[in-house]
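Novice: Okay, handing you the structure first.
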Amino acid sequence: MLALGDFSRDRSAHADHIGVGLEREARALARAERAVDLEPGSDVALANLSTLYLNNGLIEKGLEAANLLLAQSGDESLRAIAAAMLTMMSATLDGDIAASVAQLQNLARQQNEDGDTHFEGITYLNLSEEQRAIGEFAASLESAQRSIRLLESSS
């Protein structure tokens, strides 16, 4: 039987863990923003910043960073990633997750053809989240497993 004191201690430890995670996210965002400030023309810095904004629910800022990446990048692969991020962020606002799933599937196919294993792994991770959000649980699990295999082989 769980005593009330144990519950309070567990709850406090959980709150501390969440606090550490939030601090880590805040530091990551600050570093990513600083990287863009130091090198505004860096496609990689903008892609990282846009991803961090998306992951932290800062959709308007994420849209701004992804639009800037789409406009300034000469790298077709990064432009495709920016377009997919824009669709994913828009889906959080308009609910059209199916469009995001289709775009991510196409992006993953293209990355596979291009041999971009690392980016393909990230795309499958994002695809897994979108599939889970629309209740495609078997497909989500398959995409997550594929993401793990790809990222393990490329990192």
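When we follow numbering that gives the first Met the number 0, the leftmost residue of the sequence shown carries the number 0, and every step to the right adds one. Glycine residues also receive a C-beta, built at the ideal position from the N, C-alpha and C atoms.
Exposed or buried, ASN125, counting other C-beta atoms within 10 Å across all chains shown (16 or more means buried)?
Specialist: buried
Novice: Starting from the Cα of LYS60, find the closest Cα among LEU45, GLN71, GLU128 and ALA70 and give me that residue.
Specialist: LEU45
Novice: Report all residues from its chain with a CB closer than 6 angstroms to the CB of ALA65; omit the five preceding and five following residues, and keep chain order.
Specialist: Hits under 6 angstroms: SER49, ALA81, MET84 and LEU85.
Novice: So the alpha helix (DSSP H) ASN125 belongs to, where does it begin and stop?
Specialist: 116-132
Novice: Given this structure, state the Cα-to-Cα distance separating GLU32 from GLU22, to the nearest angstrom.
Specialist: Straight through space, the alpha carbons of GLU22 and GLU32 are spaced by roughly 15 angstroms.
Novice: Output the boundary residues of the alpha helix (DSSP H) element that contains GLY61.
Specialist: 58-71
Novice: Can you look up ASN105 in the DSSP assignment and give me helix, strand or coil?
Specialist: helix
Novice: Whose C-alpha, out of GLU119, LEU140, ARG108 and ALA132, is nearest the C-alpha of SER154?
Specialist: With distances taken between Cα atoms, SER154 lies closest to GLU119.
Novice: CB of ALA64 to nearest heavy atom of the ligand ADP: below 6 angstroms?
Specialist: Among the components of this structure there are no ligands whatsoever, and the ligand ADP is therefore not found.
Novice: Spatial neighbours of GLU135 within its chain, please: C-beta separation below 8 angstroms, excluding the five flanking residues on both sides.
Specialist: VAL100
Novice: Ordered along the chain, which non-local residues of its own chain (more than five positions away) have a Cβ less than 7 angstroms from that of GLN130?
Specialist: If we look at GLN130 and ignore the five residues flanking it on each side, its Cβ neighbours are VAL100, ALA138, SER139 and SER142.
Novice: For ILE147, which residues from the same chain have a beta carbon less than 7 angstroms from its beta carbon, with the 5 sequence-adjacent residues on both sides left out?
Specialist: none
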